[in-house]
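Peer 1:
Residue numbers (the numbering used here): 418 to 813.
And the structure:
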């Protein structure tokens, strides 16, 4: 069982060649106690620790008593652009996915990776520095959302809605293709990412640290009957790390390119291709060409898109609400995708006419179902009011 899970979750990848000898990067800004305090302020005391079993509350107490301890521990790692193997070991807690008909396949399980807390403190510091430089160098596309300060799912969905309406104003037909990168973080290649960072003008000490951080990692699987022995893993950008989302965004930024009468929006590994033309059939041809172009770029990065999560929608204006719907499908890799009546993207439900009531009615139904379930499972005398159901919308 242990070996089967290893092969499924941590497939072997080409190893990264570390530098022959560590050298101090004199251009690296020295680590400060303010950076450490800022990183600790974002660490939740309830987060589960890694193999060292040291919670964040301990490090916060240590830093309050003597701020120089963490400074002296972490400053050399920044100076040399190095992440030691002792901080790259983790625990992989194996959990079964509920509701599966069988648990004989590793796909019926998921893994929660727990990293050492002192490592995550340094990862937050490096992530803050790397984000500042990446924005200065223009390495992140303006249409990339998620895992970035001030850019939430709401911003991504609002951008999509606004651009669809803008493209519709000249009486153009608008269509969108929703895509999802398969196993996104796991497919970040260390060598390719290092090249992207170097060519983008990222300081050498940050490139060295990122390469060291991603290479030569190990993990111990935790489940009933597990041998409990660590093994080397090739995990791309490790799940659960504060810096992994940023590294992934930098990695897939080349997938963004300009589209005449259209745009690409992404939220981490969720992408949308939106185009406009005089007809929906014209949109299908454009989307197929753009997907082929996007797939070629993705293949150079070693990533691909999940066909199972691909969806198509043909947008309509409110005046076309009662007009016949377009049923033109798109063919991708020999598979037909027919336009959907509703698409759930980033937790929001979209309909072809962008009716917000469709989203809120579904959210209300979920809330009512959850409340009814809690009411049924609650012991007698818990004092919960009976569930109530609204029959319509009230405008205030």
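Every residue, glycine too, gets a C-beta built ideally from N, C-alpha and C. Given the structure is predicted, the values throughout are model-derived calculations rather than measurements.
1) For the stretch 721–732 against the stretch 752–766, are there 3 or more C-beta pairs whose distance is under 8 angstroms?
2) Around the C-beta of residue 446, are 16 or more other C-beta atoms found within 10 angstroms, so that it is buried, or is it exposed?
3) Just the C-alpha distance for residue 809 and residue 778, rounded to the nearest angstrom, thanks.
4) Which runs of the beta strand (DSSP E), 3 residues or longer, sit entirely within the stretch 650–721?
5) On the premise that residue 594 lies in contact with residue 734, defined as a C-beta separation below 8 angstroms, what is that separation, rounded to the nearest angstrom?
6) On a CA-only basis, which of 597, 765, 643, 638 is nearest residue 715? Give me that one, please.
7) Going by DSSP in three states, residue 811 sits in which element: helix, strand or coil?
8) With DSSP as the reference, label residue 873 as helix, strand or coil.
9) Across which residues does DSSP place residue 442 in a beta bridge pair?
10) Should residue 709 go down as buried or exposed, given a rule of 16 or more other Cβ atoms within 10 Å for buried?
11) Evaluate contact between the stretch 555–568 and the stretch 667–675, counting only Cβ atoms and requiring at least three cross-stretch pairs below 8 angstroms.
12) Classify residue 674: buried if its beta carbon has 16 or more other beta carbons within 10 angstroms, exposed otherwise.
13) One question on the structure: do residue 655 and residue 498 come within less than 8 angstroms of each other, judged by their Cβ atoms?
14) Quick check on residue 530: does DSSP put it in helix, strand or coil?
15) Using the rule of at least 16 other Cβ atoms within 10 Å of the residue's Cβ for burial, across every protein chain shown, is residue 530 buried or exposed?
16) On the premise that residue 589 lies in contact with residue 693, defined as a C-beta separation below 8 angstroms, what is that separation, rounded to the nearest angstrom?
17) For a test of the three-state rule: what should DSSP assign to residue 465, helix, strand or coil?
18) Could you tell me which whole beta strand (DSSP E) segments of length 3 or greater appear in the stretch 457–513?
19) Just mark residue 449 as buried or exposed, buried being the case when its beta carbon has 16 or more other beta carbons within 10 Å.
20) Where does residue 728 sit, in a helix, a strand or coil, going by DSSP?
21) Looking at C-alpha atoms only, which residue of 524, 732, 600, 626 is the closest neighbour of residue 540?
22) Cutting at 8 angstroms between CB atoms, please list the residues of its own chain near residue 748, excluding the five before and the five after it.
23) One question on the structure: do residue 471 and residue 535 come within less than 8 angstroms of each other, judged by their Cβ atoms?
24) Beta-carbon within less than 6 angstroms of residue 462's beta-carbon, same chain only, minus the 5 sequence neighbours each way: which residues are those?
25) Considering residue 637, what are the terminal residues of the beta strand (DSSP E) in which it resides?
26) Would you identify the three-state DSSP class for residue 744, choosing helix, strand or coil?
27) Please classify residue 478 as buried or exposed, where buried requires at least 16 other C-beta atoms within 10 Å of its C-beta.
28) Roughly how many angstroms lie between the CA atoms of residue 719 and residue 605, to the nearest whole one?
29) With distance defined between alpha-carbon atoms, name the residue in 658, 611, 511 nearest to residue 642.
30) Please determine, among 599, 707, 451, the residue with the shortest C-alpha to C-alpha distance to residue 721.
31) Closest to residue 661 by C-alpha separation, out of 602, 458, 761, would be which residue?
Peer 2: Let me lay it out:
1) yes
2) exposed
3) For residue 809, the predicted model reports a pLDDT of 39, less than 50, meaning its position is unreliable; a value from the coordinates is still stated below. Cα to Cα, residue 809 sits roughly 9 angstroms from residue 778.
4) 679–684, 687–694
5) Actually they do not touch by this definition, with Cβ atoms about 20 angstroms apart.
6) 597
7) Reliability of the predicted coordinates at residue 811 is poor, the pLDDT of 39 falling under 50, and the value obtained from them is presented with this limitation in mind. DSSP places residue 811 in coil when its eight states are reduced to three.
8) Within the shown structure, residues of the chain are numbered from 418 to 813, placing residue 873 beyond reach of any answer.
9) Per DSSP, none; premise fails for residue 442.
10) exposed
11) yes
12) exposed
13) no
14) strand
15) buried
16) 4 angstroms
17) coil
18) 506–513
19) exposed
20) strand
21) 626
22) 705, 754
23) yes
24) 473, 474
25) 634–639
26) coil
27) exposed
28) 8 angstroms
29) 511
30) 599
31) 602
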